[in-house]
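Under my numbering, the first residue of the sequence shown is numbered 41, with each subsequent residue one higher. Beta carbons: idealized from backbone N, C-alpha and C, even for Gly.
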Amino acid sequence: MSHLDILMACQNKDVTLFKKLLHEDVVMTITGYNNYNFTGDYNDVVEVLNAEFKDDYHAEFEVFNQVERDSENVIFIKVSREQINSGDKDNAVWVLTCDKNKTEHYLRKIHVEVVEMDQRHFEVLEEIQTGNDEMHF
41 MSHLDILMAC
51 QNKDVTLFKK
61 LLHEDVVMTI
71 TGYNNYNFTG
81 DYNDVVEVLN
91 AEFKDDYHAE
101 FEVFNQVERD
111 SENVIFIKVS
121 REQINSGDKD
131 NAVWVLTCDK
141 NKTEHYLRKI
151 HVEVVEMDQR
161 HFEVLEEIQT
171 GNDEMHF
């Protein structure tokens, strides 16, 4: 049940645990409305996690499908988050691809289909993608 460790790391905002789950060649894609696309590697994933885990939010995760494909598990998760201070909401569907033959460093692909996201999150992703060292969270 690899996705349980992933969800626990997210719920507890534990970047250290999440890094133990990431494969060194992990690829993350985030797709949103208005043709928004973000693609990142291991370092980008860690940077996004550090930024996102600083926020004070309530999150709900619903695993709605899981399939096996060769040596991989593909997990589909509906994610809803609400910022505690501002009330801003984020809604997305995650598709996670995990190597089912590993117990660590098994998360190979993270694909996020954004349904609703506040503007600040798009700005953070833009700064990561353009390599801006002065990120504002």
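How would you write the range of the beta strand (DSSP E) that residue i sits in, first residue to last?
i    : result
N90  : Per DSSP, N90 belongs to no beta strand (DSSP E); it is in the alpha helix (DSSP H), Y82 to K94.
K149 : L147 to E156
What residue range does the alpha helix (DSSP H) around residue i cover?
i   : result
H43 : S42 to Q51
T56 : V55 to L61
For residue i, which of helix, strand or coil comes out of DSSP?
i    : result
T170 : helix
N77  : strand
T71  : strand
E64  : strand
T137 : strand
Hey, out of the options, whose CA is closest to residue i's CA?
i   : options           : result
D95 : F101, D54 and M68 : D54
Self-check item: Those runs of the beta strand (DSSP E) which lie wholly inside the region 98–133 and span at least 3 residues
Solution: 112–123
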